[in-house]
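Colleague: Handing you a structure now.
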Amino acid sequence: LLTPKRWELLESLQDAGPCGVRELARVLGRDVRRVHDDLSVLLEAGLVEKTDEGKLIVPFREIHADFVLRGHAA
8 LLTPKRWELL ESLQDAGPCG VRELARVLGR DVRRVHDDLS VLLEAGLVEK TDEGKLIVPF
68 REIHADFVLR GHAA
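Each residue of the sequence shown is one higher than the one before, counting from 8 in this note's numbering.
Structure follows, in structure tokens:
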């Protein structure tokens with residue numbers, strides 16, 4: 008769910024405030040379609056919401072994730 012690109016998207020959206028998909032894609036320097044795909048996942052997970060005006064927002068001041076990432080054994 009939370010890939011490095013999606014983390015970056017969440018951080019950028021928190022900094023930018025309410026904005027649209029195209030604006031966010033420009034801020035990130037990414038393809039609009041890829042940003043849209045990532046936003047769809049984040050919207051479904053409840054980490055991003057749409058305002059009444061249709062702008063995208065992160066409704067949290069902080070998001071804390073706790074996980075362990077291990078590589079394959081050699």
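Virtual Cβ for every residue (Gly too), placed ideally from N, Cα, C.
1) Of the residues Leu17, Leu49, Leu8 and Thr10, which one's Cα is nearest the Cα of Arg68?
2) Out of Leu8, Gly27 and Phe74, which has the shortest C-alpha to C-alpha gap to Arg40?
3) Would you please state the rounded distance, in angstroms, between the beta carbons of Leu63 and Lys57? I believe it to be under 8 Å.
4) Over the uninterrupted alpha helix (DSSP H) stretch that includes Arg13, give me the two end residues.
5) Going by DSSP in three states, Glu30 sits in which element: helix, strand or coil?
6) Using three-state DSSP, classify Leu49 as helix, strand or coil.
7) Using alpha carbons as the reference points, say which of Phe74, Gly61, Pro66 and Leu46 lies closest to Arg13.
Modeller: Considering the structure as presented:
1) For the purposes of this step, residue 68 is identified with residue 61 of the sequence shown, where counting begins at 1. Among Leu17, Leu49, Leu8 and Thr10, the Cα nearest to that of Arg68 belongs to Leu17.
2) By one-based count along the sequence shown, residue 40 stands at place 33. It is Gly27 whose Cα lies nearest to the Cα of Arg40.
3) Taking the sequence shown and counting its residues from 1, one reaches residue 63 at position 56. Taking the sequence shown and counting its residues from 1, one reaches residue 57 at position 50. That belief holds up - the Cβ atoms of Leu63 and Lys57 are roughly 6 Å apart, short of 8 Å.
4) On the sequence shown, residue 13 is found 6 positions in, with the first residue counted as 1. Arg13 -> alpha helix (DSSP H) spans Pro11 to Ala23.
5) Indexing the sequence shown from 1 puts residue 30 at position 23. Reduced to three states, the DSSP call for Glu30 is helix.
6) Numbered from its first residue, the sequence shown carries residue 49 at position 42. Here Leu49 sits in helix by DSSP.
7) Indexing the sequence shown from 1 puts residue 13 at position 6. Of Phe74, Gly61, Pro66 and Leu46, the residue nearest in Cα terms is Leu46.
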